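Q: Below you will find the structure I want to go over with you.
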Amino acid sequence: MVQFKMRSLLAAAYGAVVAAAACTSDLLVDDLSNSFTTNRNNLGSWTSDDGSMASMSASGGILSFTPKAGAYYYETIPCRSLNADSYTHLVLDIKAPASGAAFTVQLTTAASCPATTGTKTSFRVTGLTGSSQTVRIPLSSFGGANLGAVVSVVIESFSSTQQWQLDKVLFACGNPTVSTIAAAPTQATSSRASTSTTVSNPGTCSPLLIDDWASQSRLDFLGYNALLLPTGDDGTMQSRVVSNNRITLTPKSSSGSYFYSQTGCIDANRFGGISLRIKAPAGTSLRIELTSKTTCDGAMTGSASQTAAQLGWTFDGTEKLYSLTWSKFSGINLSMIRSIVLSSASNPITIGPISFYCGSTPTGWVVPSASSPPGPTGTVPAPAATASALVIDSFASSGSNALGFWHGGEEMNLSWGSNRLTMVASGPDYAFTTLVSNGCRDLRGYSGAYLHIAFSGHTKFSVSLQQHNSQCNSGVAPYPETRDSLEAARYARGNDIYIPVSHFNINLQRVSSVAIRGVYTSEPLVLAKIELVPSIPSGVTIPQKLPSGTLVFACTRPNSFAFGIDDGNPRYAARLAEIIRDAGIKVTFFAVGAVLENNSTGMASLYQQLRSEGHQIALHSYTHPRMEGLQSVEAIDWEYNEDYRVMEGIFNERSNYFRPPFGVEGARMRQRWATASRAERPYIINWSVDVQDWLWAETSTPEKQVDAFNSDVAKGGNLVVMHFSYESTVNYFPEFIKQAKATGKQIMRIDQCMEDPNAPPL
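So for the sequence shown, the numbering used here puts the first residue at 5; every next one is plus one.
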């Protein structure tokens, strides 16, 4: 959604009202004859691009413009009821730079005329001819828009940064006399994602959630609250920890630490106040501030604050419900509440869900109970093995395991004892690996045996059996080729874990190692032995194998190459799309659901356009957490389900491709993905080519991204991870494509390179 700098839609357009009357002719908004020089359209209202275009000129009633990323052009309208006036279509005379081009039209409407706030609804126009044409869009296509109070039209999200031309903007009277151009509606406007107020009937009220702290990554990675608006502490807090729909804030100092949550531009008059749950030690001091605006598109103009003591709050170390009533905060504009700020906390405080409540009696927001589909609880018969026992690791030496091969842990805290290893993981990213060979080891003879791990401590980790590549060469990408990860807690009995080797869904002819990975606690884990045994003690039961999806690091189609592009910066989106079009390739985008749902990013429109051009759009979680690091399966499920909710709403399809943020994979997130996807073959997509943009893009040597790309390609890598978060990465993208084509491989979507029968034909 565009954030306008114009002389405010809310001032220039909303203030004027046109009386309703059935139309007798079309309503000409702008014939572009004078608006370029006067910034006034045919209705006498403001029109501009706010300098967002790369260039713009006008001649003979035709406006020529060259968009850059984020560019837009708007026409304001004296607040008007188009449906009462019997207008049926928005009509644009436009010329796109090329066939197949697309753009988005945004209609801004209010609750009634006059009004001071509004909502914005978008519609994507696709399939343009590249010649001058008349585009007629039924007003009914703007789902959810109040056609009884229309205040502006915006064109934005242009698919090409070449020159466009606009000749006329009008609303057609009566039924259309020519056919409409094919177009696809964009994501419906969501009150959660809107950055301007959704005006409700003043006689109704429903509680409005500001934040329920459903996700640490929504706060840390995205900086969003539940309204998908900015929230944070600007680095003033010592720590901020989210758990169980609560946030614990530890201040660096009582004078300089604060935490804010923006509300956009909320008309709070329909609410009784704001409620929140707080747990704080007795004697804790705290200040609460509310801020407001004069116009929704303007800056903060008012604020008022109260201390906890002034509000009559007392703390005793238990969680209680507290409320803010409007009478305590004079000097703010209740019709445009901008944010709530907590500051001057003298002790750590824990805050529960915060929301606007209705009526005169404060009520707290009730977090919906989360439930996950139960997994199978039955057991399976223990297989009988004929192979003899094989001790893999007895942890007698830090230099090698019992087989004489390497073992070690990346960035784990390892303490070696007498036939013991104590490990503490700093996160789920890392693994302790013990090799069963310096190449491949054929364990088909152990297919009826068990992997036994003697341990003490927690069971919050995954056990992986890793498969080597077809050349059994660690210098060839990918290495490993894949793995299956099983949940330690499901197979643990006391201080022993027994996992049937047959439960690991890999090629047992090419086993490279056993790994302890995906640790989601900082508690110590002590390992005493890893071995293969032919039988299990009496009384030990074996749970059913849970589906865990297919983890891939490389394409399987011969001579194929695929770019998997993760999240990025909307600023570079248009340039990225242009590079892809110029190269004539198809790629796969992994989208973060909350970013798509936030209309202000424009990412939903971007991905809709890219999908219409034949690219694959797949899942990348809702808020971008380390999925295996989440503390409960309910939290994991929430990420998948919310991502699907957004993706299905925008694209009307349910992808079975998921790239885990940061590449972090483990048993629980795999099992829950298999369930959430409802797919016969759910894919977890990692990579064998890493451009390392996260490492080099913003350094003095950004060209090392090209070195990293070429190095992995030289090893045989053919599946890329990259982002469009950095300008240098986007600038090097043509070079990446050039080098990929130089291998002689065909660049395609990931589902195509995986030989998915449901993928589009090449």
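Glycine is no exception: its CB is placed at the ideal position from the N, C-alpha and C atoms.
Note that the structure is predicted; figures quoted are calculated from it, not measured.
For THR365 and GLY276, I'd like the C-alpha separation in whole angstroms.
A: As a first step, residue 365 is located in the sequence shown; it is residue number 361 there, counting from the start. As a first step, residue 276 is located in the sequence shown; it is residue number 272 there, counting from the start. If I take the Cα positions, the gap works out to 8 Å.
Q: On the three-pair Cβ rule with 8 Å, is the segment 397 to 409 touching the segment 530 to 538?
A: Enough Cβ pairs lie closer than 8 Å, so yes.
Q: Name the residue from GLN696, LEU447, SER692 whose alpha carbon lies nearest to the alpha carbon of ILE754.
A: As a first step, residue 754 is located in the sequence shown; it is residue number 750 there, counting from the start. Comparing Cα positions, the closest option is SER692.
Q: Pick helix, strand or coil for ILE344, following the three-state DSSP scheme.
A: Position 340 of the sequence shown, counted from the first residue, corresponds to residue 344. Three-state result, ILE344: strand.
Q: In terms of residue numbering, what span does the beta strand (DSSP E) encompassing THR554 cover?
A: The sequence position of residue 554 within the sequence shown is 550, counting from 1. Start and end: 554 to 556.
Q: So, for THR438: in the same chain, excluding its five sequence neighbours on each side, which residues have a beta-carbon less than 7 Å away from its beta-carbon?
A: In the sequence shown, the residue the question calls residue 438 occupies position 434. Here the set comprises ILE396, ASP397, ASN405, HIS411, SER517, VAL518, ILE534.
Q: Taking the C-alpha atoms as reference points, what is the distance between ASN417 and GLN635?
A: Numbered from 1 along the sequence shown, position 413 holds the residue referred to as residue 417. Numbered from 1 along the sequence shown, position 631 holds the residue referred to as residue 635. Looking at the two C-alpha atoms, the distance is approximately 21 Å.
Q: Can you tell me whether VAL668 is helix, strand or coil according to DSSP?
A: Sequence index remark: in the sequence shown, residue 668 carries index 664 (1-based). It is coil, neither helix nor strand.
Q: Considering Cα atoms alone, identify which of LYS464, SER261, TYR576, ASN477 is closest to SER526.
A: Sequence index remark: in the sequence shown, residue 526 carries index 522 (1-based). If we check each option's Cα against that of SER526, LYS464 comes out closest.
Q: Taking 6 Å as the limit between beta carbons, can you name the residues of its chain near GLU415, skipping five residues before and five after?
A: As a working note, residue 415 is residue 411 in the sequence shown. Counting only Cβ-Cβ distances below 6 Å, and skipping sequence neighbours, we find TYR434.
Q: Which term fits ASP89, buried or exposed, when burial requires 16 or more other beta carbons within 10 angstroms of its beta carbon?
A: Here residue 89 refers to the residue found at position 85 when the sequence shown is read from its first residue. Burial call: buried.
Q: Give the range of the alpha helix (DSSP H) segment to which ILE741 is assigned.
A: Position 737 of the sequence shown, counted from the first residue, corresponds to residue 741. Where ILE741 is concerned, the enclosing alpha helix (DSSP H) stretches over 731 to 746.
Q: Can you find the residues in the same chain that come closer than 8 Å, C-beta to C-beta, to LEU580, ignoring five residues on each side of it along the sequence?
A: The residue labelled residue 580 in the question sits at position 576 within the sequence shown. Closer than 8 Å at the Cβ level, and outside the excluded window around LEU580, lie ILE569, GLY572, PHE728, VAL734, PHE737.
Q: Determine the direct distance from the alpha carbon of LEU212 to that of ILE341, and round the result to whole angstroms.
A: Position 337 of the sequence shown, counted from the start, is the residue given in the question as residue 341. Position 208 of the sequence shown, counted from the start, is the residue given in the question as residue 212. For ILE341 and LEU212, the distance between alpha carbons rounds to 13 Å.
Q: With DSSP as the reference, label ASN473 as helix, strand or coil.
A: Sequence index remark: in the sequence shown, residue 473 carries index 469 (1-based). Three-state result, ASN473: coil.
Q: Given 8 Å as the limit, is there contact between the segment 646 to 666 and the segment 676 to 684, that is, 3 or more CB pairs closer than that?
A: Yes: at least three Cβ pairs fall under 8 Å.
Q: If you reduce the DSSP assignment to three classes, tell me which class MET752 lands in.
A: Numbered from its first residue, the sequence shown carries residue 752 at position 748. Strand at MET752.
Q: Could you tell me the distance, in whole angstroms, from the CA atom of GLY443 to the CA atom of LEU232?
A: The sequence position of residue 443 within the sequence shown is 439, counting from 1. The sequence position of residue 232 within the sequence shown is 228, counting from 1. Whole-angstrom Cα-Cα distance: 49 Å.
Q: Comparing alpha-carbon positions, which option in ASP271, GLU160, HIS472, SER451 lies nearest ASN337?
A: For this step, residue 337 is matched to residue 333 along the sequence shown. The shortest Cα separation from ASN337 among ASP271, GLU160, HIS472, SER451 belongs to ASP271.
Q: For ASN690, collect the residues of the same chain with a Cβ closer than 6 Å to its Cβ; drop the 5 residues on either side in sequence, then sort them by chain order.
A: Counting from 1 along the sequence shown, the entry for residue 690 is found at position 686. PHE557, GLY667.
Q: Would you kindly report the start and end of the unbroken alpha helix (DSSP H) that includes ASN714?
A: Stepping through the sequence shown from its first residue, residue 714 is reached at position 710. 708 to 718 is the extent of the alpha helix (DSSP H) around ASN714.
Q: With 16 as the cutoff for other CB atoms within 10 Å, does GLU323 come out buried or exposed?
A: Along the sequence shown, one-based indexing puts residue 323 at 319. Exposed.
Q: Along the chain, where does the beta strand (DSSP E) containing VAL530 start, and where does it finish?
A: As a first step, residue 530 is located in the sequence shown; it is residue number 526 there, counting from the start. Here the beta strand (DSSP E) through VAL530 covers 529 to 537.
Q: Quick one: give me the first and last residue of the beta strand (DSSP E) that LEU290 is part of.
A: Start at 1 with the first residue of the sequence shown, and residue 290 comes out as number 286. Neither: LEU290 is in no beta strand (DSSP E) and is coded neither H nor E.
Q: Can you check whether the CB of ALA639 is closer than 7 Å to the CB of GLU491?
A: Reading the sequence shown from its first residue, position 487 is the one you call residue 491. Reading the sequence shown from its first residue, position 635 is the one you call residue 639. For GLU491 and ALA639, no; Cβs fall outside 7 Å.
Q: Over the uninterrupted alpha helix (DSSP H) stretch that includes VAL637, give me the two end residues.
A: Counted from its first residue, the sequence shown places residue 637 at position 633. 637 to 655 is the span of the alpha helix (DSSP H), which, as asked, contains VAL637.
Q: Find the nearest neighbour of ILE503 within the set LEU512, TYR524, ILE457, judged by alpha-carbon distance.
A: Position 499 of the sequence shown holds residue 503. If we check each option's Cα against that of ILE503, ILE457 comes out closest.
Q: Taking ALA429 as the reference, give the member of LEU67, LEU529, GLY147, MET60 with the closest Cα.
A: Along the sequence shown, read from residue 1 onward, the residue named residue 429 stands at position 425. Checking every option, the nearest Cα to that of ALA429 belongs to LEU529.
Q: Whose C-alpha, out of ALA718, SER732, PRO765, is nearest the C-alpha of THR747?
A: Looking up residue 747 in the sequence shown gives position 743. Here the closest residue by C-alpha is ALA718.
Q: If you measure between the beta carbons of ASP34 and ASN45, is that distance less than 7 Å?
A: Counting from 1 along the sequence shown, the entry for residue 34 is found at position 30. Counting from 1 along the sequence shown, the entry for residue 45 is found at position 41. In contact: ASP34 and ASN45 (Cβ atoms closer than 7 Å).
Q: Could you tell me the alpha carbon to alpha carbon distance between ALA286 and ASP215, rounded to whole angstroms?
A: Looking up residue 286 in the sequence shown gives position 282. Looking up residue 215 in the sequence shown gives position 211. Looking at the two C-alpha atoms, the distance is approximately 25 Å.
Q: Between which residues of its own chain and ASP171 is the CB-CB distance below 6 Å, once the five residues before and five after are set aside?
A: In the sequence shown, residue 171 corresponds to position 167, counting from 1. Counting only Cβ-Cβ distances below 6 Å, and skipping sequence neighbours, we find ILE66, ASP97.
Q: Where do the ends of the beta strand (DSSP E) carrying ILE278 lie?
A: Position 274 of the sequence shown, counting from 1, holds the residue named residue 278. Element bounds for ILE278: 277 to 283.
Q: If you draw a straight line from the alpha carbon of SER204 to that of SER616, how long is it in whole angstroms?
A: The residue you call residue 204 lines up with position 200 of the sequence shown. The residue you call residue 616 lines up with position 612 of the sequence shown. Interpretation of SER204 is limited by its pLDDT of 33, a score under 50 that renders its predicted location unreliable; the figure taken from the coordinates is listed afterwards. So the alpha carbons of these two residues sit roughly 34 Å apart.
Q: With DSSP run on the structure shown, which of helix, strand or coil describes THR112?
A: As a first step, residue 112 is located in the sequence shown; it is residue number 108 there, counting from the start. If DSSP states are grouped into helix, strand and coil, THR112 belongs with the strands.
Q: What did DSSP end up calling ARG44 once you bin it into helix, strand or coil?
A: If you number the sequence shown from 1, residue 44 lands on position 40. Strand, per DSSP.
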